[in-house]
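**Student:**
Residue numbers (my numbering): 10 to 133.
Right under this line is the structure:
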């Protein structure tokens with residue numbers, strides 16, 4: 010399960026951003042995960058408590074936003090959801106597409122707790 014290693018890396022990066030911006034408390038970490046990424050959101054959630062154990066992020070909320078897997082048909086130029094109809098274009102029924110989205114994995118947002126930095130609450 011590589012999700013545990015990924016969560017440790019996420020926490021390491023959030024710690025670095027918090028330190029760089031002199032943030033005391035982070036309220037929420039928002040991740041974006043593509044629908045066909047090699048990362049399984051359920052396992053990320055399961056690993057999160059272990060990754061934040063003995064850190065300043067124990068009470069920090071983890072939010073995972075899913076990015077749909079979309080493709081553009083090379084035959085008819087239609088953009089469609091790849092997870093429907095086994096990846097076939099709903100217009101011409103071909104499986105000849107360019108992936109547009111769905112493999113992403115990123116830290117979208119780090120939400121600073123109220124008063125987390127000099128009484129303000131900027132987000133990063």
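Ideal Cβ positions, reconstructed from N, Cα and C, are used throughout, including at glycine.
Tell me, please, whether the stretch 36-45 touches the stretch 66-77 by the rule of three or more beta-carbon pairs shorter than 8 Å.
**Tutor:** yes
**Student:** Find out if the Cβ-Cβ distance for the pair residue 54, residue 116 is shorter than 9 Å.
**Tutor:** Residue numbering aside, residue 54 sits at position 45 when the chain shown is read from its first letter. Residue numbering aside, residue 116 sits at position 107 when the chain shown is read from its first letter. Contact flag unset, no.
**Student:** Is the Cβ-Cβ distance between residue 81 and residue 103 less than 9 Å?
**Tutor:** Your numbering for residue 81 matches position 72 in the chain shown. Your numbering for residue 103 matches position 94 in the chain shown. Cβ distance not < 9 Å, so residue 81 and residue 103 don't count as in contact.
**Student:** Assign residue 90 to one of three DSSP states: helix, strand, or coil.
**Tutor:** For the purposes of this step, residue 90 is taken as the residue at position 81 of the chain shown. Note: residue 90 maps to strand in three-state DSSP.
**Student:** Tell me which residue opens and which closes the alpha helix (DSSP H) that residue 15 is part of.
**Tutor:** By 1-based counting over the chain shown, the position of residue 15 is 6. Residues 12-29.
**Student:** So, at 6 Å on beta carbons, what are the nonlocal neighbours of residue 129 in its own chain, with the 5 sequence-adjacent residues on each side left out?
**Tutor:** Taking the first residue of the chain shown as position 1, residue 129 is located at position 120. Low per-residue confidence applies at residue 129: pLDDT is 49, beneath 50, and the placement is therefore not dependable, though the value from the model is reported in the following sentence. Here the set comprises nothing.
**Student:** Would you list the residues sitting across from residue 81 in a DSSP beta bridge?
**Tutor:** Looking up residue 81 in the chain shown gives position 72. DSSP lists 88, 107 as partners of residue 81.
**Student:** Assuming residue 55 is part of the alpha helix (DSSP H), what are its boundary residues?
**Tutor:** To locate residue 55, count along the chain shown from 1; it is residue 46. Segment 50-61, the alpha helix (DSSP H) holding residue 55.
**Student:** For residue 14, which option in 35, 36, 49, 28 has the closest C-alpha, if you only look at C-alpha atoms?
**Tutor:** By one-based count along the chain shown, residue 14 stands at place 5. The option with the nearest alpha carbon to residue 14 is 49.
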